[in-house]
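Protein chains: 2
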Amino acid sequence: MADPEYALYYWPEIQGRGEFVRLALEEAGAPYVDVARLPRSKGGGIEAIFRVLRGPLGPQLPFAPPVLRAGKVVVAQTAAILHFLGPRLGLVPRDPALRLWALQLQLTVTDLVAEAHDTHHPISVDLTYEAQRPESRRRARHFTSERIPKFLGYFERVLEAADGRFALGKRVSYVDTSLFQVMEGLRYAFPHSMGALEPRIRRLAALAESVRTRPRIAAYLASPRRLPFSTDGVFRHYPMLEASSAPTRPGRE
Amino acid sequence: MADPEYALYYWPEIQGRGEFVRLALEEAGAPYVDVARLPRSKGGGIEAIFRVLRGPLGPQLPFAPPVLRAGKVVVAQTAAILHFLGPRLGLVPRDPALRLWALQLQLTVTDLVAEAHDTHHPISVDLTYEAQRPESRRRARHFTSERIPKFLGYFERVLEAADGRFALGKRVSYVDTSLFQVMEGLRYAFPHSMGALEPRIRRLAALAESVRTRPRIAAYLASPRRLPFSTDGVFRHYPMLEASSAPTRPGRE
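The listed protein sequences derive, respectively, from chains A and B.
Heads up: take any position in the first sequence, counting from 1, add 40, and you land on this note's numbering.
Heads up: take any position in the second sequence, counting from 1, add 40, and you land on this note's numbering.
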């Protein structure tokens, strides 16, 4: 088999931030290898990620995965990867103004994902969730009551203003596959909060459904390539984090 | 006076994320108006920001400031604004691979800035710092001991690998003005931690100095257009947040 066009380097056991890249590649039907998911005997495993972080692929050192290699290009940072892939995969309009708008929207997705991550890591990424549970409860309460409605309300208005079914208009873009992933992740992590919010974000819900049923996405979701959500990823379901809406002082469990 | 080419919409009393845009415009000597800093009688004040967030400038709704208007283009998200401005201001090479690399580096600056912000807002942006002080202490301790060295160590290696004095090589780019601002902000907020780290990030320190002494940047820094750092911005100096390196349990002050 010839070398596939794209090589993705991302943690092999979680969706995480890499999933936004996987979804774009899958929607486009692009040939890619998810390197760290290969057996170690074929250069896979997390060692593959540590190798690429040390920079042997090129002079442009990545800070963290996901990292994408496409020929001589090696690029990290999810939004930069999607900005690069968009035109190549036909997942963004050619108009530079719309390509910039897609980048802007993806960066707001990035902000939301970082805040979702910090509900289970409000103190440090170098500690386990269990070592920062009281703070997690407090942060999650604000995230579900204030931040999720603010971010998703924004994307709902973006869809309302869009001229068509998708975020950028009539054709699907990587912004849509990203919004699908955000909706899936938030529904998994915070089912009660999302259940209460869904009636106010009907356009977003319809968009997520329309992405889910696209032939290539549906095939991907049904395949073993789609990893399950879990409490190792960016979106985590800890029932305690939305157990009660009553104010809890930090330090109390 | 003719309309200046660029209009920036950002909070008028802080450097914040808008400062990364101001520094790029200043380095290029670009004509711009910092709209919210105008008197209200001339359309300024924070009302100008609320107006642009409601979207009258165009169909592409911004989520939050900074927002830049350049003719018909209205763009938000600091990294997207700089990606747009870079080629127009001569602050990024024309080579698309290097323009992508600049975006990737700026996105890592974005991550660092968000983490710096969360040292004083680890629970919620909708609460004051005073309402989340115990968590702030705990987060700041991890940020100064683990995250600052990790991020700045990364940028130091990027400079080491660069072919020239600047992050992208021989010519100054917006990545350099951003790294200058990061160094200034971290030194203001965490002087002890940065003092201890400086010997290990000599390339970054030299870069910051070389940006500081560029004629247009030096003139800007000496002008009233440069707002001071303060405990209202993204980088905040609260002595308590680096008062002690001894472990403190959450809930204790």
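C-beta atoms are modelled at their ideal positions from N, C-alpha and C, and glycine is treated no differently.
Bear in mind the structure is a predicted one, so any value in this text is a computation, not a measurement.
Where do the N-terminal and C-terminal ends of the alpha helix (DSSP H) with residue i fall, by residue?
i                : result
valine 215(B)    : 214 to 229
arginine 139(B)  : 136 to 158
glycine 130(A)   : Where glycine 130(A) is concerned, there is no enclosing alpha helix (DSSP H), given that its DSSP letter is neither H nor E.
alanine 68(A)    : 58 to 68
arginine 177(A)  : 173 to 182
isoleucine 89(A) : 86 to 93
valine 251(A)    : 242 to 252
Between which two residues does the beta strand (DSSP E) carrying residue i extend?
i               : result
aspartate 74(B) : 72 to 74
alanine 262(A)  : Note, alanine 262(A): premise wrong, no beta strand (DSSP E); not H, not E.
Using a beta-carbon distance below 9 Å, is residue i in contact with chain A?
i                    : result
threonine 253(B)     : no
proline 212(B)       : For the record, residue 212(B) in the displayed sequence is valine; it is not proline. Taking Cβ atoms only, chain A never reaches closer than 9 Å to valine 212(B), which makes this a no.
glycine 126(B)       : no
glutamine 221(B)     : no
histidine 182(B)     : yes
phenylalanine 191(B) : yes
leucine 131(B)       : no
histidine 123(B)     : yes
leucine 247(B)       : no
tyrosine 169(B)      : no
arginine 187(B)      : yes
glutamate 282(B)     : no
Which residue or residues does DSSP assign as beta-bridge partners of residue i?
i              : result
glycine 204(B) : Note: glycine 204(B) sits in no beta bridge, so no partner.
alanine 116(B) : Val107(B)
alanine 4(A)   : No information on residue 4(A) is available, as it lies outside the stretch 41 to 293 that chain A covers here.
glycine 209(B) : Phe206(B)
Measure the CB-CB distance between residue i and residue j and report whether it falls below 9 Å.
i                 : j                    : result
proline 105(A)    : tyrosine 46(A)       : no
tyrosine 260(B)   : leucine 129(B)       : no
alanine 68(B)     : leucine 138(B)       : no
glutamine 144(B)  : alanine 116(A)       : yes
threonine 217(B)  : isoleucine 163(B)    : no
methionine 223(A) : leucine 199(A)       : no
alanine 110(B)    : phenylalanine 124(B) : yes
arginine 240(A)   : glutamate 196(A)     : yes
glycine 85(B)     : proline 52(B)        : yes
arginine 254(B)   : valine 212(B)        : yes
leucine 237(B)    : phenylalanine 220(B) : no
histidine 157(B)  : leucine 167(A)       : no
tyrosine 194(B)   : phenylalanine 103(A) : yes
valine 113(A)     : leucine 63(B)        : no
leucine 78(B)     : alanine 88(B)        : yes
leucine 147(A)    : alanine 120(B)       : yes
glycine 95(B)     : alanine 201(A)       : yes
alanine 154(A)    : alanine 171(B)       : no
arginine 205(B)   : serine 250(B)        : yes
Excluding sequence positions up to five away, which residues of its chain have a Cβ less than 7 Å from the Cβ of residue i?
i                 : result
glutamate 282(B)  : Ala180, Thr184, Phe230, His232 and Ser233
methionine 280(A) : Arg177
threonine 118(B)  : Arg57, Phe60, Val61, Pro106 and Thr150
arginine 54(B)    : Here residue 54(B) turns out to be isoleucine, not arginine, going by the sequence shown. Result list for isoleucine 54(B): Leu267, Ser270, Asp272 and Gly273, in chain order.
Counting contacts by CB-CB distance shorter than 9 Å, is residue i in contact with chain B?
i                 : result
proline 137(A)    : It is alanine, not proline, that sits at residue 137(A) in the sequence shown. It does: the Cβ of alanine 137(A) has a partner Cβ on chain B nearer than 9 Å.
glutamate 53(A)   : no
glycine 225(A)    : no
isoleucine 163(A) : yes
tyrosine 194(A)   : yes
leucine 244(A)    : no
leucine 140(A)    : yes
threonine 150(A)  : yes
proline 102(A)    : yes
glycine 273(A)    : no
glutamate 45(A)   : no
Keeping to the same chain, check which residues put their C-beta closer than 6 Å to that of residue i; ignore five residues upstream and five downstream.
i                    : result
tyrosine 228(A)      : Phe269, Phe275 and His277
aspartate 74(A)      : Leu48
leucine 226(B)       : Met234
glycine 126(A)       : Val132 and Tyr214
phenylalanine 191(A) : Leu152
valine 92(A)         : Tyr49 and Val107
glycine 56(B)        : Gly273 and Val274
aspartate 203(A)     : Gly209
tyrosine 169(A)      : His160
glutamate 66(B)      : Arg256 and Tyr260
Report all residues from its chain with a CB closer than 8 Å to the CB of residue i; omit the five preceding and five following residues, and keep chain order.
i              : result
proline 71(A)  : Pro44, Glu45 and Tyr46
proline 189(A) : Leu237 and Arg240
So is residue i in contact with chain E if we call contact Cβ pairs under 9 Å?
i                : result
aspartate 216(A) : Absence of chain E from the displayed structure is noted, the protein chains being A and B.
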